[in-house]
Every structure is written in C-alpha cells, then in structure tokens.
Amino acid sequence: MDIQNFKFTRSNLLKLAVSIVIALIVLLVFVVISSFYRFSGAVSSIATSVVSQNSQISLEIRNGEAANIVQGPSQASSEMPAEIVRDGEGNYFYTSITIPPGAETMYLSGSGARPKADDTWGDMKQQTIDTFERFKNTLESNGWSMRDIVQVRAFALAGEDGLDFSGFNEGYSEFFGTTGNPNKPVRSFVEVKDLVVDGWLVEIEVRAARVAE
C-alpha cells in the first residue's frame, strides 16, 4: 500500500482495518504455537525427571537400601522368609496354627495300624504308634518329616474297656513335643461308632505344611 498516496476513504479505511486484523491473527497464532512448544518441552523435562526418580527408587528397593518405601507390596518385605505361626501351646497340641501364603502343604489320607504276625492289632497305644510310623515313612520318603505335621485328626472306636483316650495320648506323645520333634500340631479326637477296617481302634489323618527355604 502506498502510504504517501493514501486517501482516507471509507474503502481504504476498511482495507487497513482488515490488514491490521490479519496481522494480529498471524501474531496470535505465532504466540500460541511458541507457547505450545515451550510447554511440551517443560512436560517432557518433568516426565524425564519423574522416570529418573522412579528408576532410582526401584534400584534402591532392589538393593534393600530403602526398605521403608512402600509402593504396593514391598519387594524387600516379600523376600523375608515367612513362618508358620503356632499359638496356644497345650500339653499335646496347639490351639491354632497359621500357615503363611506360599507354603507347601501335603495331605495324607486316613490310615490305621496293620495286623501283626499273629493277626492281632494291638491296643490303642500300639495302634497309634503303628499309624504314626506309617505316616513318618510316607513323609520321609517324600522329603518331609514329622516336624512338618500341622494337623492331626483321629477317629477312635471304643474297645472292650471303653474309649482309651489316654492310650492314644501315650502313643501320640512319642512323636510330638519330643526332643527329636518339639513341634506339635492342632488336633481333633473324635469317637465314632465304627471304622472301615475290623480290628482298628483308631484311624488318623494328617496335614503337613512347610515354608520353602
């Protein structure tokens, strides 16, 4: 536009106004684009910083240097060996035993004594000993031990002299709460009217559990 020959007519003023508006729009667009790129750069810088900090935290947790930092389950705490917790110790058993998650378990089916050479079965004490000996052999053949037993269920039948609970405890005590096996399980002792094998005075089933080292 020739400023020297410019005439302030309505048409020229309108053209001037349009030119100014266009120039302002172009300037505004330029400012917005510049601000956007600056903001994106700042966000990228912040994100990089956050990732770097998180990587450092993860490294510290793996190295056990920040075990008190908890983000969900702590890896430092998960590496600590869990334990089987026994509470309420009595003469023959515990009131409760808590098995931690991840522990190995083994269930042994109900079993009883075997007849002797003279086809006799023995009294309650002898049958209890024979039955736990069978469990002991089964456990040890699979790499377990009597120490791993956490639950005992006994189903007992009364003999000619009645239910021999003391005989059961005598036989049972040879395997639990001893010098060789100080552990005791939780326990149930139930009188029944009959057992599946003629001659049995007691049928026992056990559950074993252990925490992998």
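Counting with the working numbering, you get residues 432 to 644 for the letters of the sequence shown. Glycine residues also receive a C-beta, built at the ideal position from the N, C-alpha and C atoms.
Assigned exposure category for residue i - 16 Cβ within 10 Å defines buried
i	result
G598	buried
A615	The question names Ala, yet the displayed sequence has Lys at residue 615. So K615 ends up on the buried side.
A448	exposed
F524	buried
D595	buried
E591	exposed
E644	exposed
V463	exposed
V633	buried
I456	exposed
I635	buried
Minimum C-alpha distance to residue i - residue among the options
i	options	result
T610	W631, Y538, M577 and M555	M577
R584	A448, D592 and A639	A639
D579	E636, R641, P546 and V633	R641
E571	L539, A589 and T529	L539
G519	G630, V617, A513 and E634	V617
V637	I451, V452 and E564	E564
D629	S527, E514 and A589	A589
W631	F586, F620, I464 and G574	F586
S542	E591, L444, A643 and L626	L626
S619	Q582, N612 and E591	Q582
K624	V460, G593, N600 and N612	G593
P613	A454, G521, K547 and V460	G521
Distance between beta carbons of residue j and residue i, contact taken as under 8 Å
i	j	result
G602	K556	4 Å
T526	I515	Wrong, their Cβ atoms sit about 14 Å apart, outside the cutoff.
P531	A513	4 Å
Those residues which DSSP pairs with residue i across a bridge
i	result
L594	Bridge partners of L594: none, in fact.
I580	A639
I515	In the DSSP output, where bridge partners are listed per residue, I515 has none listed.
A587	E622 and V633
E520	Y525
T440	In DSSP, T440 forms no bridge with anything.
V617	Q582
L539	V637
Interface flag, residue i vs chain C, CB-CB below 7 Å
i	result
Y603	No chain C is present in this structure, which holds just one protein chain.
Sufficient close CB pairs (3 or more, under 8 Å) joining the stretch 601-613 to the stretch 558-576: yes
Three-pair Cβ contact test at 8 Å for the stretch 547-558 versus the stretch 525-538: no
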